[in-house]
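Okay, so here's the structure we're looking at.
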Amino acid sequence: MAIETFWWPTQRAETPEITYRVRTAQFGDGYKQLAGDGPNNKEDSYPISFVGQKAKVQEIMAFLDRHAGAKAFLWTTPLGEQGLFTCKNPAPTPMGGGIFKLTATFERAFHP
1 MAIETFWWPT QRAETPEITY RVRTAQFGDG YKQLAGDGPN NKEDSYPISF VGQKAKVQEI
61 MAFLDRHAGA KAFLWTTPLG EQGLFTCKNP APTPMGGGIF KLTATFERAF HP
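At position 43 of the sequence shown (counting the first as 1) the number is 43 in this note's numbering, and the numbers step up by one without a gap.
Pasting the structure below:
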């Protein structure tokens, strides 16, 4: 089964959260040794939002429902880097007049 791509244009809701998992060994003489925690130690997540007609938001929700928070999909970050992401928390909010705002956070995923 092919990996689907999230292709809808999104607004960047907030600043992304980017952290690096690092292991630290502290020694008595003040020396500290640092090493990346595994081959994929970069963790990043991107809050996004989409505002549009009910039918378009339902289409996006159907895509996210198919992935159910666990199956990864392709998405391109604001810096133009395509990667695998998951989304566990989509929230469609009615704005009135048939317009909805969908907010969510895309979290980086990796192939096993």
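All C-beta atoms, glycine included, are put in the ideal place defined by N, C-alpha and C.
Computed from a predicted model, the values in this text were never measured in an experiment.
**Asked** Helix, strand or coil for Arg-66 per DSSP?
**Response** Of the three classes helix, strand and coil, the one that applies to Arg-66 here is helix, per DSSP.
**Asked** Rounded to the nearest angstrom, how far is the Cβ of Phe-100 from that of Gly-52, given a contact under 8 angstroms?
**Response** Yes, Phe-100 and Gly-52 are in contact; Cβ-Cβ is about 7 angstroms, under 8 angstroms.
**Request:** Output the boundary residues of the beta strand (DSSP E) element that contains Glu-43.
**Result:** For Glu-43, the uninterrupted beta strand (DSSP E) segment begins and ends at 42-53.
**Request:** Taking only the alpha-carbon atoms, compute the straight-line gap between Ile-48 and Leu-79 and give it to the nearest angstrom.
**Result:** In a straight line, the C-alpha of Ile-48 is about 14 angstroms away from that of Leu-79.
**Item:** Any non-hydrogen atom of the ligand GDP within 8 angstroms of Ala-91 CB
**Value:** As for the ligand GDP, it is missing from this structure, which has no ligand bound.
**Item:** Buried versus exposed, by CB contacts within 10 Å (16 or more), Tyr-31
**Value:** Taking all protein chains in view, the Cβ of Tyr-31 is surrounded by fewer than 16 other Cβ atoms within 10 Å, so the residue is classified as exposed.
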